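Scroll down for the structure; my scribbles are underneath it.
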Amino acid sequence: MKPISTTAANTPLSLIRVIFNQIIGMDDVISFAVGEPDFATPPAVIAAARKALDGRIGYTDNSGVRPLREAVDAEFRRYDQIDYDPSTEIMVTNGAMEGVYLTLATLTNPGDEVLVTDPCYANYQGAVVLNQCTPVSVPTREETGFCFEEDSLRQAITERTKVIMINSPANPTGTTASRENLEMIARVAIENDLYVLFDEVYKHLLYGDQEFFNIARIPGMKERTFCVDSVSKAYAMTGWRVGFICGPQEIIGYMPAMQECLLSCVNSPAQTAAACALAGDQSVVETMRRSYERRRDLIVDAVNAIEGLHCPTPGGAFYVFVNIEATGLSSRDFAMRLLAEQKVAVAPGIDFGALGEGHIRLSYATSEEAIVEGVRRIGVFVAALLEQSSRDRAGRPKQPAALLG
Ligand SMILES: Cc1ncc(COP(=O)(O)O)c(C=O)c1O
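Using my numbering, the letters of the sequence shown correspond one by one to residues -18 to 386.
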């Protein structure tokens, strides 16, 4: 048999998926592994989808139904303070993931380089590889919130660089890029004639005094920025698979033809539901946001009370990125042993890039009871690890790992 494509062979399966597959069918597991809301989709949205089922369900315009594109435009004017023309500057996609893929497919040629932060959302690497491009990881530091820094960003740029990918608020760190940070990136992008993909799927989930700022508002940026967003996180609609791209019409204009070859169009009743979510009562988002904020405070305090672990207080999204270096375990071993010994599932930091090593990501989109019990188990696990390593240092005989915790 002839070999499969190098693209298929090089597309990574994340460790999070491996862990996710392992916990299926396991009893009494507490999962902080997967980043999706635990809330039900708002009832009004479900009602809108039900009503849509009564009509004719056919293909829609490749770029999405008009009421949804109008709702996206209104939402961007309201929240991002940017105006996009629903006729020419908005493309409806199968979730933000397709938005990322389609943006890269429209902008890049095989061999082009795409800059991402290290660490970054695990699927970015895969989306770049699927487009036969090279993901270039730009190092970031915990002390500066894992944001792009000017020196390392400039150093990463070559003749082949085409796109900078920004995610704010960010997965896995919860950091929201400041206006000053985005102004720095904008300067670099304009000077080097680069496009920007701005992933804002967590923009509604901000806490305390954090403020969201869209890089496309900076003069000279709207024409080179592709805002990728979806209803998945803010409206608890991950399974509906509706997202959108907002960007300059000259380039968005190529996307409907590409969409035709990929999926024709996004699921039609789901588009109706997404339009209802964006145009409807926004207090449902605020109710969920407040709940996430309470859970964030709970989990940050509980994690920082464990000797050997520490994490900053994230300003957005629903993740804490916990430093586990003091335990001496790799993030993979930490995650695997924690699952085996305490039945707690977490995402290993290495999944998000080499500089994610020494960390685990906990998603707190789960109940307060699960947070309390899950972090208690993590505390038991870490205490046993530290006790073991202090016994090892004192030169006492080692205990078998299975007896720990
Ligand atoms: C940063 C980021 N972008 C995009 C996505 C994908 O969102 P969607 O479900 O809309 O495809 C996720 C999902 O976890 C994410 O964390």
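Every residue gets a Cβ at the ideal spot worked out from N, C-alpha and C, and that includes glycine.
Predicted model, so just to flag it, every value in this text is computed and none were measured.
If residue i and residue j are in contact, beta carbons under 8 Å, what's the gap, nearest whole angstrom?
{"i": "serine 211", "j": "valine 247", "result": "Incorrect: roughly 11 Å between the Cβ atoms, too far for contact."}
{"i": "methionine 72", "j": "isoleucine 233", "result": "5 Å"}
{"i": "alanine 217", "j": "histidine 185", "result": "So it is not a contact: roughly 11 Å between Cβ atoms."}
{"i": "tyrosine 345", "j": "tyrosine 273", "result": "7 Å"}
{"i": "serine 348", "j": "aspartate 19", "result": "7 Å"}
{"i": "glutamate 131", "j": "methionine 165", "result": "5 Å"}
{"i": "threonine 156", "j": "proline 295", "result": "7 Å"}
{"i": "isoleucine 4", "j": "glutamate 354", "result": "Their Cβ separation, rounded to whole angstroms, is 15 Å, which puts isoleucine 4 and glutamate 354 out of contact at 8 Å."}
{"i": "proline 249", "j": "threonine 41", "result": "Correcting the residue type first, residue 249 is serine in the shown sequence and not proline. That belief holds up - the Cβ atoms of serine 249 and threonine 41 are roughly 5 Å apart, short of 8 Å."}
On the criterion of 16 or more Cβ atoms from any shown chain inside 10 Å, does residue i qualify as buried, or is it exposed?
{"i": "glutamate 267", "result": "exposed"}
{"i": "alanine 108", "result": "buried"}
{"i": "leucine 259", "result": "buried"}
{"i": "lysine 32", "result": "exposed"}
{"i": "isoleucine -15", "result": "exposed"}
{"i": "arginine 372", "result": "exposed"}
{"i": "arginine 222", "result": "buried"}
{"i": "glycine 228", "result": "buried"}
{"i": "alanine -10", "result": "exposed"}
{"i": "threonine 125", "result": "exposed"}
{"i": "asparagine 242", "result": "Correcting the residue type first, residue 242 is cysteine in the shown sequence and not asparagine. It counts as exposed."}
{"i": "arginine 205", "result": "buried"}
{"i": "asparagine 162", "result": "buried"}
{"i": "isoleucine 38", "result": "exposed"}
{"i": "glycine 45", "result": "buried"}
{"i": "serine 149", "result": "buried"}
{"i": "alanine 158", "result": "buried"}
{"i": "leucine 336", "result": "buried"}
{"i": "methionine -18", "result": "exposed"}
{"i": "aspartate 190", "result": "exposed"}
{"i": "glutamate 231", "result": "exposed"}
{"i": "alanine 28", "result": "exposed"}
{"i": "glycine 224", "result": "buried"}
{"i": "aspartate 314", "result": "exposed"}
Should residue i and residue j be called a contact, given that it needs their Cβ atoms to be closer than 8 Å?
{"i": "isoleucine 352", "j": "isoleucine 280", "result": "yes"}
{"i": "valine 110", "j": "threonine -12", "result": "yes"}
{"i": "serine 213", "j": "glycine 6", "result": "no"}
{"i": "glycine 330", "j": "proline 100", "result": "yes"}
{"i": "glycine 297", "j": "serine 370", "result": "no"}
{"i": "valine 356", "j": "alanine 238", "result": "no"}
{"i": "alanine 30", "j": "aspartate 332", "result": "no"}
{"i": "arginine 389", "j": "proline 24", "result": "This structure cannot settle anything about residue 389, because the visible part of the chain is limited to -18 through 386."}
{"i": "alanine 151", "j": "phenylalanine 127", "result": "yes"}
{"i": "arginine 358", "j": "valine 325", "result": "yes"}
{"i": "leucine 320", "j": "isoleucine 0", "result": "yes"}
{"i": "phenylalanine 129", "j": "threonine 121", "result": "yes"}
{"i": "valine 81", "j": "tyrosine 105", "result": "yes"}
{"i": "alanine 167", "j": "isoleucine 199", "result": "yes"}
{"i": "phenylalanine 194", "j": "leucine 187", "result": "no"}
{"i": "glutamate 17", "j": "threonine 219", "result": "yes"}
Considering only residues of the same chain and omitting the five flanking positions on each side of residue i, which have a CB-CB separation below 6 Å?
{"i": "arginine 342", "result": "Pro153, Tyr300, Phe302 and Ala328"}
{"i": "alanine 382", "result": "Residue placement at alanine 382 cannot be trusted, given a pLDDT of 47 that sits under 50; what the coordinates show is reported in the next sentence. None."}
{"i": "alanine 307", "result": "Gly289"}
{"i": "glutamine 240", "result": "Asn43"}
{"i": "cysteine 114", "result": "Thr89, Asp93 and Val95"}
{"i": "asparagine 173", "result": "Ile138"}
{"i": "glutamate 368", "result": "none"}
{"i": "proline 116", "result": "Val95, Val97, Gln106 and Val109"}
{"i": "leucine 384", "result": "Note that leucine 384 scores a pLDDT of 41, beneath 50, so its modelled location is shaky; the value from the coordinates is reported in the next line. Hits under 6 Å: none found."}
Report all residues from its chain with a CB closer than 7 Å to the CB of residue i; omit the five preceding and five following residues, and keep chain order.
{"i": "threonine 49", "result": "For the sequence presented, residue 49 should be read as leucine rather than threonine. The answer, listed in chain order, is Val73, Gln252, Ala255 and Ala256."}
{"i": "glycine 386", "result": "Note that glycine 386 has pLDDT 34, beneath the 50 cutoff, so the model's placement of it is unreliable and the number below is only indicative. Closer than 7 Å at the Cβ level, and outside the excluded window around glycine 386, lie Glu322, Gln323, Val361, Phe362 and Ala365."}
{"i": "histidine 340", "result": "Phe302, Val303, Asn304, Ile305, Ser312 and Gly330"}
{"i": "lysine 143", "result": "Leu88, Thr89, Asp93, Glu94, Val95, Leu175 and Tyr176"}
{"i": "isoleucine 171", "result": "Gly201"}
{"i": "arginine 135", "result": "Val169"}
{"i": "threonine 84", "result": "Leu178, Phe207, Val209 and Ile226"}
{"i": "cysteine 292", "result": "Val281, Val284, Asn285, Val301, Phe302, Val303 and Asn304"}
{"i": "alanine 52", "result": "Ala256, Leu259 and Ala260"}
{"i": "isoleucine 145", "result": "Leu96, Ile166, Ala170, Leu175 and Val177"}
{"i": "glycine 334", "result": "Asp99, Pro100, Cys101 and Ser118"}
Please list, in chain order, all residues of the same chain as residue i whose beta carbon is under 8 Å from its beta carbon, the five residues on each side excluded.
{"i": "lysine 203", "result": "Ile63, Ala197 and Pro229"}
{"i": "alanine 86", "result": "Asn112 and Met239"}
{"i": "aspartate 9", "result": "Lys324"}
Of all Cβ atoms in chain C, is any one closer than 8 Å to the Cβ of residue i?
{"i": "tyrosine 273", "result": "The chain labelled as chain C is not found in the depicted structure, where only one protein chain is given."}
Report task. Give every residue whose Cβ lies closer than 6 Å to any heavy atom of ligand 1, listed in chain order. Result -> Gly16, Gly76, Ala77, Met78, Tyr102, Asn148, Asn152, Asp180, Val182, Ser211, Ser213, Thr219 and Gly224
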